[in-house]
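Engineer: Here it is, the structure in full.
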Amino acid sequence: DPVAVGVAVDPSIATTQNMRVDVETRGEFTRGETVANRHNTVERNVLHGDRYIIEGLDRVQPNAKVCVDVKADRFLEMFVSRIKGK
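Start counting at 1 in the sequence shown, then tack on 59, and there's your number in the working numbering.
Here you go:
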């Protein structure tokens, strides 16, 4: 992935956000899907009788820096200059 290599060479071309990222392994239709939690929180569901009630949010520890924006013009300039050998 040229953009990933570009960010490794010059991290200032990307804006990142710390997020919790997991891979879904139990879903029938989503197995293998990467799931990023932008808010780093999960609902606290508590069983009340025969149903669950949301009783707040719990924080989860971020485990990845996720690229949320790339300065495309700077990346393309760097990419083309590397291909041209300049």
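Beta carbons are placed, not taken as given, at the ideal position from N, Cα and C, and that holds for glycine.
Compare the Cα-Cα distances from P121 to each of G65, D69, Q76 and E87 and report the closest residue.
Structural biologist: Out of G65, D69, Q76 and E87, Q76 has the C-alpha closest to the C-alpha of P121.
Engineer: Who are K143's beta bridge partners in DSSP?
Structural biologist: According to DSSP, K143 bridges with nothing at all.
Engineer: Considering only their Cβ atoms, is the gap separating A63 from V80 smaller than 8 Å?
Structural biologist: No, the Cβ-Cβ distance between V80 and A63 is not below 8 Å.
Engineer: Suppose you measure from the CA of P61 to the CA of K124; what does that come to, to the nearest Å?
Structural biologist: Distance between the alpha carbons of P61 and K124: 18 Å.
Engineer: Apart from the five residues just before and just after K130, which ones in its own chain have a Cβ nearer than 6 Å to its Cβ?
Structural biologist: Counting only Cβ-Cβ distances below 6 Å, and skipping sequence neighbours, we find I72.
Engineer: The beta strand (DSSP E) with G115 in it runs from where to where?
Structural biologist: R110 to R118 is the span of the beta strand (DSSP E), which, as asked, contains G115.
Engineer: Let me confirm a value: G65 is counted as buried when at least 16 other C-beta atoms fall within 10 Å, else exposed. Which label applies?
Structural biologist: Buried, since its Cβ has 16 or more Cβ neighbours within 10 Å.
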